[in-house]
Each structure stands twice: as structure tokens, then as C-alpha cells.
Amino acid sequence: MTLTEDVLSMAAFGSKVYVGSDDNRVNIIDVSDPANPVVLNYLYTQGSPSDMAIEDNYMYLAQYTNLYNGGLYIYDISDPVNPQFVSSNTTYTTHDIIVSGDIAYTLNNSCQLINYDVSDPTDPTFISQCLTSQFITDFELEGDMIFGAYDDFGL
9 MTLTEDVLSM AAFGSKVYVG SDDNRVNIID VSDPANPVVL NYLYTQGSPS
59 DMAIEDNYMY LAQYTNLYNG GLYIYDISDP VNPQFVSSNT TYTTHDIIVS
109 GDIAYTLNNS CQLINYDVSD PTDPTFISQC LTSQFITDFE LEGDMIFGAY
159 DDFGL
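All residue numbers for the sequence shown refer to the working numbering, where the first residue is 9 and numbers rise by one.
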């Protein structure tokens with residue numbers, strides 16, 4: 009399947025794949041027949057969905073409208089073809105996200121790791137922030153450790 013826009017992010021949920029693109033939307037694709045994927049719907053977003061995570065029946069989007077605006081946006085995907093906006097926290101711009109249990113770990117463009125309590129998805133609450141010495145391009149959570157990849161400096 010070819011999409012007409014640049015792909016920024018992707019997450020799977022059952023037989024659906026959500027593909028974030030640079031035209032401020034998430035393509036909802038049915039892959040129940042992998043040889044014939046079908047676009048079922050589009051979710052138009054307020055910014056570029058640079059990363060996403062799915063936990064339970066919620067899709068967590070890291071969105072940005074420019075270098076310093078954006079945030080964490082949460083959608084209910086209990087009806088996977090018709091996601092419903094639940095809430096957002098736009099205190100900090102966000103370009104990367106990991107959700108584990110009740111915590112959303114996000115990265116922003118100001119060298120910060122920002123953590124939110126998402127135990128109530130209707131009210132994502134800021135927990136803490138940690139300044140990093142460099143811009144982290146990607147990160148992974150393993151147990152109680154977070155590993156970050158720096159542009160020119162490695163891990």
C-alpha cells in the first residue's frame with residue numbers, strides 16, 4: 009500500500025494499523041488481509057502526529073504544530089475505526105512517546121523528558137520533567153530504565 013504523504017509514526021491495534029502522516033492526520037488501515045490493506049478512515053489532528061502509542065483502548069499521540077507547539081493528545085479507540093478525542097495536555101510540545109501502565113513518557117524539542125499520569129485518560133496530569141544534556145531523537149523504556157539516542161553522541 010502506498011500513502012501519498014510522508015509517514016511519521018505507526019502503531020498497531022488488533023487488525024488495525026494507525027499511520028501518522030505529515031499532513032496532520034492518522035490513516036486507519038485494516039490489515040486483516042495483509043495482502044490487501046484497506047484505508048478505513050482518517051483522523052485529522054491538530055498537528056503532525058510524530059509518534060504514537062496504544063495502551064488498552066487509548067491511542068496517545070505526540071503532536072507538534074511547529075518546533076515549540078504541540079503536546080500529548082489522547083483518543084479513545086474502543087471503536088477502532090472512529091477514534092474519539094478524549095483530552096490533551098499542551099503544556100509541553102512532544103515529539104516522542106512511550107506509555108507504560110499509568111505513565112506517559114514524552115520527549116520534547118527542548119531537551120526534556122516529560123512524564124504524565126494517564127491513569128485517567130480524560131485528565132493527563134504532569135508528573136515531572138528531566139532536562140537532558142542533548143536533544144534525544146528516540147528513546148526506549150526497559151524496566152525502570154530509560155535509554156535515549158542522541159543525534160551525534162550515541163546512547
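Cβ coordinates follow ideal geometry from the N, Cα and C atoms, glycine included. Note that the structure is a prediction, hence the values are computed from the model and not measured.
query = Between Tyr124 and Thr145, what straight-line distance do the alpha-carbon atoms span, to the nearest angstrom?
reply = What you label residue 124 is simply residue 116 of the sequence shown in a count that begins at 1. What you label residue 145 is simply residue 137 of the sequence shown in a count that begins at 1. The straight-line gap separating the alpha-carbon atoms of Tyr124 and Thr145 is approximately 19 Å.
inquiry  = Which residue wins for smallest C-alpha separation from Gly79, given the options Pro129, Glu13, Asp41, Thr114?
reply    = Residue mapping note: residue 79 aligns to position 71 of the sequence shown, counting from 1. Answer by Cα proximity: Thr114.
Residue environment, Asp104, which counts as buried when at least 16 other CB atoms sit within 10 Å = For this step, residue 104 is matched to residue 96 along the sequence shown. A residue is called buried once 16 or more other Cβ atoms fall within 10 Å of its Cβ, and Asp104 is buried on that count.
task = If I'm right that Pro132 touches Ala112 with Cβ under 8 Å, what's the distance once you round it to whole angstroms?
result = The residue you call residue 132 lines up with position 124 of the sequence shown. The residue you call residue 112 lines up with position 104 of the sequence shown. Going by Cβ atoms, the distance from Pro132 to Ala112 rounds to 7 Å, so yes, they are a contact pair.
ask   = How is Gln54 classed by DSSP in three states: helix, strand or coil?
value = Mapped onto the sequence shown, residue 54 falls at position 46. If DSSP states are grouped into helix, strand and coil, Gln54 belongs with coil.
message = For Ala43, report the span of its beta strand (DSSP E) as first-last.
response = For this step, residue 43 is matched to residue 35 along the sequence shown. Looking at the DSSP string, Ala43 is not in any beta strand (DSSP E), and its letter there is neither H nor E.
query = For Asn49, which of helix, strand or coil comes out of DSSP?
reply = Indexing the sequence shown from 1 puts residue 49 at position 41. Judged by DSSP in its simplified three-state form, Asn49 adopts strand.
request  = List the DSSP bridge partners of Leu16.
outcome  = Walking along the sequence shown from the start, residue 16 turns up at place 8. Beta-bridge pairing links Leu16 to no other residue.
ask   = Under the three-state reduction of DSSP, which class applies to Ile106: helix, strand or coil?
value = Residue mapping note: residue 106 aligns to position 98 of the sequence shown, counting from 1. In the structure shown, Ile106 adopts extended strand secondary structure according to DSSP, grouped into three states.
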